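The opening position of the sequence shown corresponds to residue 14 in the working numbering, with each subsequent residue numbered one higher.
Cβ atoms here follow ideal geometry from the backbone N, Cα and C, with glycine treated the same way.
Here the structure is a predicted model, which is why all the values come from computation and not from measurement.
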Amino acid sequence: MSDVPDIVVEALKSAEARGFALSCEEMVGRLLATLASAVPSGGRVLELGTGAGVGAAWLVSGLGQRSDVTVLTLERDPELAAAAREFAWPDWLEVRVADAEKELPRLGRFDLVFADAEGGKWSGLDLTVSALQPSGILVVDDMDLSRYQSAEHRASVTRVRDAILSDPRLVAADLPVGSGIMVAARRRD
Ligand SMILES: C[S@@+](CC[C@H](N)C(=O)[O-])C[C@H]1O[C@@H](n2cnc3c(N)ncnc32)[C@H](O)[C@@H]1O
């Protein structure tokens, strides 16, 4: 893990210690870091599903020394959220215990959203798209249909994929790498 940022290493170790196996893969993390670095001054970043903090750590690593952007990460599980709060986050990052789907309508708009929780992705995706600024970017992973065996899971993945690819508010790219990554931008008009 030589070139993995320290805060990501810390989060990965915490995930391992807790037996938390749902952290984003490194490829997604590096994409998040890259996109976070391009968020404009005064911008807002949202993660749905903090987990053990790995995705948030990649986002923070991309923002580096900037303090002109805020990051909000929502986690339904209070224990996971409490553990994630223990990291040495910059003061512009907030870990909030909340159900993403319930919280989304009152959060305003974001420049970058990593939708990585049940709420706001598998259900309530429309709320997440509505929370994107014009030009805002949405990242979703685990979209490779071939990874899923059960008909129920395949139907859920297909539904999310189709919703992203057919939403007239979005321009979307379906990247057949890793777990299956989809990146979409909200149109300006
Ligand atoms: C895939 S993991 C998140 C991994 C994390 N984003 C990362 O990249 O390391 C999904 C997380 O979402 C949380 N979660 C599930 N449903 C949720 C909801 N409705 N609102 C907020 N968090 C939720 C789970 O407790 C779990 O920690």
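| Item | Value |
| --- | --- |
| Would a C-beta distance cut-off of 8 Å place Thr171 and Leu188 closer than the cut-off? | no |
| In this structure, does DSSP put Pro147 in helix, strand or coil? | strand |
| For Thr47, is the classification buried or exposed, using 16 other Cβ atoms within 10 angstroms of its Cβ as the cut-off for buried? | exposed |
| Could you tell me the alpha carbon to alpha carbon distance between Gly137 and Ala144, rounded to whole angstroms? | 11 Å |
| Give me the Cα-Cα distance between Asp175 and Val73, rounded to the nearest whole angstrom. | 30 Å |
| Measuring CB to CB, does Arg89 end up less than 8 Å from Asp112? | yes |
| With DSSP run on the structure shown, which of helix, strand or coil describes Thr86? | strand |
| Please name the residue, chosen from Ala164, Ile177, Gly191 and Val84, that lies closest to Phe123 on a Cα-to-Cα basis. | Val84 |
| Return helix, strand or coil for Glu23, following the three-state DSSP convention. | helix |
| Measure the C-alpha to C-alpha separation of Val184 and Ala198 and round it to an integer number of angstroms. | 5 Å |
| Would Met40 and Gly191 qualify as a contact pair, given that the criterion is a beta-carbon distance under 8 Å? | yes |
| Contact between the segment 51-59 and the segment 15-27: three or more CB pairs below 8 Å? | no |
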